Amino acid sequence: RSEAEEEAKRLSRRGFSARVEPGAGPRGAIYRVRVGPFATREEATRASERLGAEGRRDTWIVPPGQ
3 RSEAEEEAKR
13 LSRRGFSARV
23 EPGAGPRGAI
33 YRVRVGPFAT
43 REEATRASER
53 LGAEGRRDTW
63 IVPPGQ
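In our numbering, the protein residues as written are 3 to 68.
Next up, the structure:
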């Protein structure tokens with residue numbers, strides 16, 4: 003959890019709206035760093051591209067509520 007919280011803080015300092023959400027993984031608890039929400043898919047795509055350019059990998063765009 004602490005790693006996810008630190009990552010969310012780093013992203014927030016870079017201007018992203020980031021938060022940590024707990025979830026269940028195959029071996030126990032996991033913590034996702036979520037960025038957004040965005041008004042349009044295009045905004046989400048631009049944010050994902052920016053994250054990729056900054057070296058963040060494994061970004062997904064998911065509909066609200068998922």
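Even glycine gets a Cβ: it sits at the ideal position worked out from N, Cα and C. The structure displayed is predicted, hence computed values, not measured ones.
Identified DSSP bridge partners for residue i
i, result
"E8", "Answer by DSSP bridge pairing: none, since E8 is not bridged."
"I32", "G25"
Through-space distance from residue j to residue i, alpha-carbon basis
i, j, result
"E8", "E44", "27 Å"
"R36", "R29", "21 Å"
"G67", "R3", "21 Å"
"I32", "D60", "15 Å"
Three-state class that DSSP yields for residue i in the structure shown
i, result
"E93", "Limits of the chain in this structure are 3 at one end and 68 at the other, which puts residue 93 out of reach."
"A41", "coil"
"R3", "coil"
"R15", "helix"
"R48", "helix"
Residue i classed as buried or exposed, judged by whether at least 16 other C-beta atoms fall within 10 angstroms
i, result
"A46", "buried"
"A41", "exposed"
Own chain residues within Cβ distance below 6 Å of residue i, not counting five before or after
i, result
"F18", "V37"
Neighbourhood of residue i by C-beta distance below 7 Å, restricted to the same chain and skipping five residues each side
i, result
"A10", "A20, R21, V22, V35"
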